[in-house]
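Take a look at the structure set out below.
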Amino acid sequence: MLYFSKLRVFSVLIFTLIISYFTISNFTKVDDEFFSKNIKLGLDLQGGSYLLLEIDNEPVITQRLQSKVLEFKKFFKDKDIKVRNFVIEDKSIIFDVENSKIEDVKSLLDDDKSEINPYFQQYKSHQFNFENMDTSFKLEFSDYGLVLLKNSSLDQAIEIVRRRVDEVGTNEPNILKRGNDRILVELPGLDDPGRIKSLLGKTANLTFQFISSSSEESFGTEKLSFEDGSSEAIVSKRIVLSGDNLMDAKPTMNNQTNETVVSFSLDRVGAKKFGKATSNGVGKRLAIVLDGKIISAPEVREPIIGGNGQISGNFTFQSATDLALLLRSGALPAPLNIIEERTVGPDLGKDSINAGIMSLIIGFILVVAFMFYKYRFFGLIANLALISNLFLLVGILTLFEATLTLPGIAGIILTVGMAVDANVLIFERIKEELKNENNSIVAFDSGYTKSRTTILDANITTLIAAVILFFMGSGPIKGFSITLGVGILTTLFSVYFIARLITAYYVIKNKHKEKLI
Amino acid sequence: MKTIYFNKFYKSFNILSGILIIASLVFLVFKGLNFGVDFKGGTLIELRTDKSSANITKIRDSFNQMNLGDVSVKNFGNETDFVVKFEKQNSNDPKFIEEIKTKLSNSIGTVDFRRVENVGPKVSAELLRSGVIAIALSLAAMLLYIWIRFEWQFSLGAILALFHDVIITLGVFSVFSLEINLSIVAAVLTIVGYSMNDTVVIFDRVRENLRKYADIKIFELTNISINETLSRTIITSVTTLLALLSIFIFGGEILKGFSLAMILGVIFGTYSSIYIANPVLVSLKVSQRTIVKEEKNN
Chain A
10 MLYFSKLRVF SVLIFTLIIS YFTISNFTKV DDEFFSKNIK LGLDLQGGSY
60 LLLEIDNEPV ITQRLQSKVL EFKKFFKDKD IKVRNFVIED KSIIFDVENS
110 KIEDVKSLLD DDKSEINPYF QQYKSHQFNF ENMDTSFKLE FSDYGLVLLK
160 NSSLDQAIEI VRRRVDEVGT NEPNILKRGN DRILVELPGL DDPGRIKSLL
210 GKTANLTFQF ISSSSEESFG TEKLSFEDGS SEAIVSKRIV LSGDNLMDAK
260 PTMNNQTNET VVSFSLDRVG AKKFGKATSN GVGKRLAIVL DGKIISAPEV
310 REPIIGGNGQ ISGNFTFQSA TDLALLLRSG ALPAPLNIIE ERTVGPDLGK
360 DSINAGIMSL IIGFILVVAF MFYKYRFFGL IANLALISNL FLLVGILTLF
410 EATLTLPGIA GIILTVGMAV DANVLIFERI KEELKNENNS IVAFDSGYTK
460 SRTTILDANI TTLIAAVILF FMGSGPIKGF SITLGVGILT TLFSVYFIAR
510 LITAYYVIKN KHKEKLI
Chain B
210 MKTIYFNKFY KSFNILSGIL IIASLVFLVF KGLNFGVDFK GGTLIELRTD
260 KSSANITKIR DSFNQMNLGD VSVKNFGNET DFVVKFEKQN SNDPKFIEEI
310 KTKLSNSIGT VDFRRVENVG PKVSAELLRS GVIAIALSLA AMLLYIWIRF
360 EWQFSLGAIL ALFHDVIITL GVFSVFSLEI NLSIVAAVLT IVGYSMNDTV
410 VIFDRVRENL RKYADIKIFE LTNISINETL SRTIITSVTT LLALLSIFIF
460 GGEILKGFSL AMILGVIFGT YSSIYIANPV LVSLKVSQRT IVKEEKNN
């Protein structure tokens, strides 16, 4: 155990130096992306906001079923099959089929090549499962169909969330999928997430609908309240124009009224629709509806043909800016609920870093002093191993750009405390061996050999705890498991390569000396 | 070094441990644990007031007027820092926190919200579940590991020592109503690792000595092994405790609970390796035949 080949010595040194370089690179500036890596600080250290959003998929499911009903109607009409009594009930579609065509409908729904109920070979599942009772059919989403739907609405939602967050202009936001209905948004440096939360909390479904003069509208009417809650109005269900046709929106000042408004421009289709509707509706009031609430309902004085318009509604400049932003980024497929929020102010983050570094330095000094007191020269060797251990640990965390959290710093300090264990086990064993063995080289060698399994056992148990934490923990706790786990690996390296190398060199030089340790 | 007769006190300390475990269980069942917002849901606000004239009573009164459910206010480190926790969580309303801040500044002057945590009921239930699973999983993994490495008598001793440490540590948290949050789960897992580590070191020596000495009774043998590994046990627990004390004292309020749990765990872990794990070997009458038989089977 004491022999090292020249090549081995060389590679240990090179490896240690390279990794240690990355520790130092945290404190220097180099004009190269690879060589100027820094440890990423977690939100608890640099301050910022963590938001976990959950999509409420209920409305999407209903919407999708509604459009599916339209598809079915057209599909069966083309096939000359009479179906009737379509109902959407309890997340399923129910309809009746004429007696003679029951078998036809069954095979149309069940076929692997079904156009209306697509079959996914790799998942062995149709989009819909169906039940048949006499002439009645009942369809509901299969598990896979539901997953597909959730994934697509998550994909859409994450895109919209990203646009909205980007438009606000926070630095380096981190937006990630979690499962199939959640989105994680990390906003470093943001200490008041109020605005982002209000932007993400809105679906931003914009529609233009005429205020109904008579309740006998062919499309039906609905009663909507105004945004400020002051009054209600009866609105035609016919949607003149929706936010989909919006090309751009920005806050501007209306020179005549001296009011802040949101001006928008429409795409070509939208402009045409809007022009036609406003031509026919001169004199009527057109309600601008956002997420089921009327923002304002101005009277149409003249046809609006150019595709440009304005939305007024008692805006402040801030609220006009936000509305314009929401309209530009598009509507979310479904409402998002914020189910978890954690915000740390920047000065608490700074305090935490200072406290963390302070306790690391003091803990380190105490351990080093204690080891020197207990083992003198060999204490120095263990301490040298401990220092290189720290450099390796921080270096590896930097190299892999791991996120350092406050519990992560605690993990580093804990590593300092526990890392000496391996050297202690070895030194104590050597002491025992020296009692019965005069040749110090033999004693040292067997000291290392005999303590090896114990050291492995001891470290594997801690590693198991770290790995489980890594997979089960979240955020700051994950940071702890990373430093603890990597710390064990660097500990073993520093004990078996660095400390053993120095020990070997020393013992071989001083083999005739009495009482080596 | 002089031999210490740890084995003379096996019985008395076993009785003590038994009492502590029963007491802990009684507290855990009847008083329960003080779960933080991570596991109970709700809102936590760490705030700093402008002047030290703001006190707990004043802050509690103004929060109580806001209809936020059960409110708890605690001093947090400095005399100007407080942690407020309440049941209501409404992270969907973007003005929720802002309104609280306005109302609070009206009654006690300028406040700075240094940290806000808002955990919905669904998430807190999930976090609690995954915390329990993590601890159960780590105990199972340790059991598996030690079962592969040692004979069953040893495994039983090590696992009993683990349960002993975890139960008593949680018991202390229950008695003093200390908060259980995500970092305590991390601490408990690390305690499990540490306690196992400590037990394994002594057990390795017991097994080695069992091979060496056929005619020494296990009662004596455990004591020899404990003594032979004693200086290592002391040095390692001292260095670990030094590191943890440094976190406890200098690491800021957020890490207090975490480091305290670890400190307790290291103390109980060291104690249980000697006074729980070893007596189990003695009462199961482990002898040289126990390990030789196993080795033949393998």
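From first to last, the protein sequence lines stand for chains A and B.
Here our numbering is used: the first residue of the first sequence is 10, the next is one more, and so on.
Here our numbering is used: the first residue of the second sequence is 210, the next is one more, and so on.
Note that beta-carbon positions come from the ideal geometry of N, C-alpha and C, so glycine has one too.
- Within its own chain, the residues whose Cβ lies closer than 6 Å to the Cβ of L196 (chain A), once the five positions on either side in sequence are excluded, are G57, S58, T179 and P182, listed in chain order.
- V106 (chain A) is positioned such that its CB atom lies no closer than 8 Å to that of V96 (chain A).
- For chain B, the residues of the stretch 194-214 of chain A that bring a beta carbon within less than 9 Å of one of its beta carbons are D200, D201, P202, G203, R204, I205, K206, S207, L208, L209 and G210, in chain order.
- Taking 7 Å as the Cβ-Cβ cut-off, the stretch 343-364 of chain B approaches chain A at A343, L346, S347, A350, M351, Y354 and R358, given in chain order.
- R323 (chain B): not part of any alpha helix (DSSP H); member of the beta strand (DSSP E) spanning V320 to V328, first to last residue.
- Listed as beta-bridge partners of F324 (chain A) by DSSP are A:T269.
- Distance between G482 (chain A) and I483 (chain B), taken at the CA atoms: about 31 Å.
- The three-state secondary structure of F44 (chain A), taken from DSSP, is coil.
- CA-CA distance, V410 (chain B) to K524 (chain A), rounds to 26 Å.
- Taking 3 residues as the minimum length, the beta strand (DSSP E) runs contained wholly in the stretch 325-412 of chain A are 345-353, in order along the chain.
- Between H373 (chain B) and I231 (chain B) the beta-carbon gap is near 12 Å, outside 8 Å, which marks them as no contact.
- Between G494 (chain A) and F479 (chain A) the beta-carbon gap is near 7 Å, inside 8 Å, which marks them as a contact.
- Looking from the CA of I418 (chain A), the closest CA among B:S496, B:A349, B:F459 and B:T442 belongs to B:F459.
- Here E140 (chain A) is bridged, per DSSP, to A:K147.
- Interface with chain A (8 Å Cβ-Cβ cutoff): L453 (chain B) is included.
- Boundaries of the beta strand (DSSP E) harbouring T261 (chain A): L255 to N263, taken from the DSSP string.
- Among the bridge pairs identified by DSSP, L193 (chain A) is matched with A:L61 and A:L185.
- Proximity of A232 (chain B) to chain A, defined by a Cβ-Cβ separation below 8 Å, is not satisfied.
- A Cβ-Cβ separation of about 7 Å places V516 (chain A) in contact with L11 (chain A) under the 8 Å criterion.
- Neighbourhood of I422 (chain A) in chain B, by CB distance below 7 Å: A452, S455 and I456, in chain order.
- About 20 Å separates the Cβ atoms of D175 (chain A) and T352 (chain A), ruling out a contact at the 8 Å cut-off.
- In this structure, G426 (chain A) places its C-beta atom within 8 Å of the C-beta atom of L451 (chain B).
- Scanning chain A for C-beta atoms nearer than 8 Å to the C-beta of E255 (chain B) yields L357, reported in chain order.
- By the C-beta density criterion, F385 (chain B) is exposed, having fewer than 16 other C-beta atoms within 10 angstroms.
- Residue state for R93 (chain A) is assigned as strand, using DSSP reduced to three classes.
- In the DSSP assignment, I425 (chain B) is bridged to no other residue.
- Under the three-pair Cβ rule at 8 Å, the stretch 438-455 of chain B does not count as touching the stretch 228-248 of chain B.
- Our two residues, D454 (chain A) and S446 (chain B), have alpha carbons roughly 26 Å apart in a direct line.
- When DSSP states are grouped into helix, strand and coil, A467 (chain A) belongs to the helix group.
- DSSP places T492 (chain A) inside the alpha helix (DSSP H), whose first and last residues are P485 to F502.
- Taking all protein chains shown into account, N432 (chain B) has 16 or more neighbouring C-beta atoms within 10 Å of its C-beta and is therefore buried.
- A residue is called buried when at least 16 other Cβ atoms come within 10 angstroms of its Cβ; K206 (chain A) meets this threshold and is buried.
- Around V332 (chain B), the beta-carbon contacts reaching into chain A at under 8 Å are L61, I348 and E349.
- If you check the CB distance, A394 (chain A) and Y384 (chain A) do not come in under 8 Å.
- The beta carbon of S434 (chain B) sits no closer than 8 Å to any beta carbon of chain A.
- Taking every protein chain shown into account, the CB of M351 (chain B) has 16 or more other CB atoms within 10 angstroms, so this residue is buried.
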